[in-house]
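S.K.: In the order they appear, the protein sequences are chains B and H.
To convert, take the position in the first sequence, counting from 1, and add 36; that gives the working numbering.
To convert, take the position in the second sequence, counting from 1, and add 36; that gives the working numbering.
There are 2 protein chains.
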Amino acid sequence: MRPVMRSDIPGEKTVAAEAISGPFPDPAHDHEHCIEEAFSRAERLCADRRLRLTTLRREVLKIIWEGHHPAGAYDILDRLKEQGRSAAPMTVYRTLDFLMEHGLVHRLASRNAFVGCDHPGDHHRSQFLVCKNCGMAAEMADPRITDAIRVAAAAAGFAVEAPVVEVTGLCGDCVSNAGSISDEG
Amino acid sequence: MRPVMRSDIPGEKTVAAEAISGPFPDPAHDHEHCIEEAFSRAERLCADRRLRLTTLRREVLKIIWEGHHPAGAYDILDRLKEQGRSAAPMTVYRTLDFLMEHGLVHRLASRNAFVGCDHPGDHHRSQFLVCKNCGMAAEMADPRITDAIRVAAAAAGFAVEAPVVEVTGLCGDCVSNAGSISDEG
DNA sequence: AATTTAGTGTTATAATATATCATTGCATCG
DNA sequence: CGATGCAATGATATATTATAACACTAAATT
């Protein structure tokens, strides 16, 4: 409920402060921490499932977690090449398939782009908010949305399997800064 | 929310019977009638707005309304060519842009495909159910879904502009016929 | 070590979508 | 009516996103 405010400076940086404030990260949050967390989760998940978190997979996961902006497959490819890795589109798509299969990243159908998931593992039903100004994406798992969809679908005799909910709009920061330049991202 | 039943034979064909039964059309419905209705609506809308419903636009709209299955841009292109029309991808995409701009068709981002809209005009917020077995798509405009999304977004300080809701699953018919062959479409 | 399987490299191509400029056709105005 | 302007279409080229198929390597299993 609390609006994201630029005045929330990370100084007394409790871990929780970054996690529970809402789906969008604070603009001033410690992103290195996000990345570290993403890797701990990925490592734990792969260990549990006896999966191989190879160098390539780590590299791709890292690139995706460079920001909270969805990354296109060919953007990822370019970054891999910059890092000296010989890579082709297949390299990227195969790796993304692996990461998606295990819930470590999601694909945004409305943008043909990929974004990291901060609670991988369970095959959850999530929704995405994507700011059309700064490009930031946030994931929610709101049961009221899921339920509303399931109920409406059921009324049509339809059995839901894979709901896609991707909402374009303006994030709190960009609403506040409305009118100013659009190069936040 | 009466289930769709094959026993609804079109004989005493009230206009309403086809329209209000739910988002999915009856499998035995009079589809010619759907097409006619789609064209009356398109003609009325274009007349109202002083738009030109040209031959090309009619052709594309007709192709899209050949069924309730989303059609890919290149499928539409192929059909146009079959009809003797000289056409290139641009032809199709331009025409689709026009039809979408005026709400006559919608694009399904999760399928890169286009489907006719049976209540064009208002810039409505609709949701789509797409059967993964028979491929049929149905449009809903359920305010509970729209509201749930808006409320959840607002809690994140996010202002909704364009919600994309596209649900894959099984339609009533395909749930009923579950286990049988999957060539309904 | 031999075998098997998962992962990656590589090349080619498919599928979807847009940019740009030329041409045609329709509407309107003088 | 013909000149003018603009909307629509034609046509060519190219960008962007994604997959197929096969060869090779590395890791796990025996």
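All residues carry an ideal CB built from backbone N, CA and C; glycine is no exception.
When DSSP builds the beta bridges, which residues end up paired with H:L135?
M.R.: On the second sequence, position 99 is the one that residue 135 of chain H refers to. According to DSSP, H:L135 bridges with nothing at all.
S.K.: Have a look at H:V96 and B:T127 and give me their C-alpha separation to the nearest angstrom.
M.R.: Here residue 96 of chain H corresponds to residue number 60 of the second sequence, with the count starting at 1. Here residue 127 of chain B corresponds to residue number 91 of the first sequence, with the count starting at 1. Roughly 38 Å separates the two Cα atoms.
S.K.: Give the straight-line distance between the Cα atoms of B:V211 and H:V196, rounded to the nearest whole angstrom.
M.R.: For the purposes of this step, residue 211 of chain B is identified with residue 175 of the first sequence, where counting begins at 1. For the purposes of this step, residue 196 of chain H is identified with residue 160 of the second sequence, where counting begins at 1. Within the model, the alpha-carbon separation for B:V211 versus H:V196 is close to 11 Å.
S.K.: In whole angstroms, what separates the C-alpha of H:L132 from that of H:V141?
M.R.: As a position in the second sequence, residue 132 of chain H is number 96, starting the count at 1. As a position in the second sequence, residue 141 of chain H is number 105, starting the count at 1. So the alpha carbons of these two residues sit roughly 8 Å apart.
S.K.: Any beta carbon of chain H sitting closer than 7 Å to that of B:C170?
M.R.: Translated into positions along the first sequence, residue 170 of chain B becomes position 134. No, its Cβ sits nowhere closer than 7 Å to a Cβ of chain H.
S.K.: Across which residues does DSSP place H:R143 in a beta bridge pair?
M.R.: Here residue 143 of chain H is taken as the residue at index 107 of the second sequence, counted from 1. Answer by DSSP bridge pairing, in chain order: H:F150.
S.K.: What are the partner residues of H:M176, as DSSP defines its beta bridges?
M.R.: Taking the first residue of the second sequence as position 1, residue 176 of chain H is located at position 140. H:M176 pairs with H:Q163.
S.K.: Is there a Cβ of chain H sitting closer than 7 Å to that of B:A214, yes or no?
M.R.: For the purposes of this step, residue 214 of chain B is taken as the residue at position 178 of the first sequence. Look at B:A214: its C-beta is not under 7 Å from any C-beta on chain H.
S.K.: Count the other CB atoms, across all protein chains shown, that sit within 10 Å of the CB of B:R88; report buried if there are 16 or more and exposed otherwise.
M.R.: Within the first sequence, residue 88 of chain B is the residue found at index 52, counting from 1. Exposed, because fewer than 16 other Cβ atoms sit within 10 Å of the Cβ of B:R88.
S.K.: With a cut-off of 7 Å, does the C-beta of H:I185 fall near any C-beta of chain B?
M.R.: Stepping through the second sequence from its first residue, residue 185 of chain H is reached at position 149. With 7 Å as the cut-off, H:I185 counts as an interface residue toward chain B.
S.K.: So, is H:Q119 buried or exposed, given that buried needs 16 or more other C-beta atoms within 10 angstroms?
M.R.: Numbered from its first residue, the second sequence carries residue 119 of chain H at position 83. With fewer than 16 other Cβ atoms within 10 Å, it is exposed.
S.K.: Is it true that the CB of H:V201 sits closer than 7 Å to the CB of B:S146?
M.R.: Within the first sequence, numbered from 1, the residue matching residue 146 of chain B stands at position 110. Within the second sequence, numbered from 1, the residue matching residue 201 of chain H stands at position 165. No.
S.K.: Do you know how far the Cα of B:F194 is from the Cα of B:K168?
M.R.: The residue you call residue 168 of chain B lines up with position 132 of the first sequence. The residue you call residue 194 of chain B lines up with position 158 of the first sequence. Cα-Cα distance, rounded: 32 Å.
S.K.: What whole-angstrom Cβ distance do B:L165 and H:A189 have, given they're in contact under 8 Å?
M.R.: In the first sequence, residue 165 of chain B corresponds to position 129, counting from 1. In the second sequence, residue 189 of chain H corresponds to position 153, counting from 1. Your pair B:L165 and H:A189 checks out as a contact, with CB atoms roughly 6 Å apart and the cut at 8 Å.
S.K.: When we look at the beta-carbon of H:V187 and count the other beta-carbons within 10 Å, is it buried (16 or more) or exposed?
M.R.: Indexing the second sequence from 1 puts residue 187 of chain H at position 151. Exposed is the call here.
S.K.: Please list, in chain order, all residues of the same chain as H:L206 whose beta carbon is under 7 Å from its beta carbon, the five residues on each side excluded.
M.R.: One-based indexing of the second sequence puts residue 206 of chain H at position 170. Result list for H:L206: C167, K168 and N169, in chain order.
S.K.: Beta strand (DSSP E) containing B:D205: first to last residue?
M.R.: On the first sequence, position 169 is the one that residue 205 of chain B refers to. For the record, residue 205 of chain B in the displayed sequence is Gly; it is not Asp. That run of the beta strand (DSSP E) goes A195 to L206.
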